[in-house]
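The numbers in the sequence shown follow the numbering used here, run straight up by one, and end at 340.
From the three backbone atoms N, C-alpha and C, an ideal C-beta is built for every residue, glycine too.
All figures in this text were calculated on a predicted structure; none of them were measured in a lab.
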Amino acid sequence: MAKRPSPISATVDFDADGVQHGFLKLPISVDESAWGAVMIPVSVVKNGEGPTALLTGGNHGDEYEGITSLLKLSSELRAEDVRGRVIIVPCMNQPAVMAGKRTSGLDGGNLNRSFPGDPDGTVTEKIADYFTRVMVPMSDVVLDLHSGGRTLDIIPFGASHVLEDVEQQRQALAGAKAFGAPYAMMMFELDAAALFDTAVESQGKVFVATELGGGGTSTPQSLAITERGVRNFLVHYGLIEGEVEMPDAPQVYLDMPDASCYVQSEHSGLLELAFDLGDRVEMGEVVARIYDLTRSGTAPVEYRASRGGVLAARRHPALVNMGDTIAVIADVVDSLD
């Protein structure tokens, strides 16, 4: 049975030249507003024929590097600077952004675990459906800006995935490198089925993801990397003119071949990390210790690295529960090709 059209409507004309700022409007009915709407900001900058780039931030509402950078870009990018079309959605999951949380303040939904979505589902599923069936089909390349949010700190990298389509993978990897972060990553996802990444890649589109810091905030350094990376992305795929600007130090290539890269807690307590982000870790070294908060005089539980590599991510809060990812160790490789 065919799905009905999305209930979301756009107040912008995606086919009109020039610069437009408007909303993706999703009708809702809640206690505070019987006939209300979720208003997702969107900007469209179009100049004639050419490729379409979709830039998204706020897929998770507590990841501020992408949100901030795209809000700035939306007020600065001019039509005469563009060849083709740039669609900017700084706050993809607007209810999560307004709540300052990873998940929606309306239905608790995690947008990046809700694809391909459902026009008759929850608010979050309706947003996912609109991007799957409307926004992605009109796009050629997609950049989804992430960071660690409130619970993770992550080294800055552009990322792509291993794909069945070799040419699609090549184009995405080239974009991940051209983003120009200090690191480029071939990323392994623990469960990719309901990700935005998969919704884009399954339509044959080029998808580049990022991780750019975390801790539920941004820094001048993380924003500088993000803003340079967004510009590099647009240059690389031919949307704007210019040269790709790479970091001063040589870019480090990282690979996450399987789930063993993730160090996950089997205990609850107080977390002590033994390494800083970006440090080299040898197999067998103690990566973290977890202390029992319910009694004194007990030794911590030690977590050792099952592989060598770089500490690519770590848990941000010191309090940890069973099942939390406390560290991610990625392989350092000479090439990702």
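In the DSSP assignment, Q174 falls within the alpha helix (DSSP H) that extends over 169 to 181.
Only residues of its own chain outside the window of five on either side were considered, and among them S107, D110, G112, L114, S117 have a CB closer than 6 Å to the CB of T127, listed in chain order.
The DSSP assignment places 144 to 149, 155 to 157, 160 to 163, 186 to 189, 209 to 214 as complete runs of the beta strand (DSSP E) inside the stretch 137 to 224, in order along the chain (cut-off: 3 residues). Boundaries of the alpha helix (DSSP H) harbouring L76: 67 to 79, taken from the DSSP string.
Secondary structure at I130: helix, using DSSP grouped into helix, strand and coil. For L58, DSSP records a beta bridge to I91, L146.
For E275, the beta-bridge partners assigned by DSSP are R292. Within the DSSP secondary-structure output, D334 pairs in a beta bridge with D258. Taken through DSSP and simplified to helix, strand or coil, H24 comes out as strand. The beta carbons of V211 and S163 sit closer together than 8 Å. In terms of CA proximity to E230, G183 leads the group G183, A99, M259, Q254. Around the C-beta of D156, 16 or more other C-beta atoms lie within 10 Å, and the residue is accordingly described as buried. Of the residues V165, T213, V45, the one whose Cα lies closest to the Cα of P260 is V165. In the DSSP assignment, the residues bridged to N50 are G87.
The stretch 279 to 294 makes no contact with the stretch 239 to 250, as fewer than three CB pairs between them are under 8 Å.
Between Y133 and L193, the C-beta spacing is not below 8 Å. Per DSSP, V313 is not a residue of any alpha helix (DSSP H); the beta strand (DSSP E) it occupies stretches across 312 to 318. The stretch 61 to 69 makes no contact with the stretch 16 to 25: fewer than 3 CB pairs, one atom from each, lie closer than 8 Å. If you draw a straight line from the Cα of G311 to the Cα of I329, it is about 16 Å long.
Going by beta carbons, V284 and R292 fall outside the 8 Å limit. Looking from the CA of E204, the closest CA among Q171, K75, G219 belongs to Q171. DSSP places L322 within a strand segment (E or B) once states are collapsed to three. Counting only the Cα atoms, A40 lies some 45 Å from D334. Counting along the chain, the unbroken beta strand (DSSP E) around V304 starts and ends at 304 to 307. Taking each of P10, G281, L58 in turn and checking the Cα distance to R136, the smallest one comes out for P10.
For the options P44, M141, L73, the alpha carbon positioned closest to that of R88 is the one of M141. The DSSP-derived three-state label of G232 is helix.
For G53 and A179, the gap between their C-alpha atoms comes out near 21 Å.
In this structure T213 is buried. Its beta-carbon is surrounded by 16 or more other beta-carbon atoms within 10 angstroms. Within a 10 Å sphere around the beta-carbon of L322 sit fewer than 16 other beta-carbons, which makes this residue exposed. In the DSSP annotation of this structure, the continuous segment of the beta strand (DSSP E) that includes V266 starts and ends at 265 to 267. Excluding the 5 residues flanking it on each side, S309 has same chain C-beta neighbours closer than 6 Å at S263, in chain order. Of the residues assessed, P223 falls on the exposed side of the cut-off, its CB having fewer than 16 other CB atoms within 10 angstroms. With respect to L176, L58 sits apart: the two C-beta atoms are not nearer than 8 Å.
With respect to I228, Y186 sits apart: the two C-beta atoms are not nearer than 8 Å.
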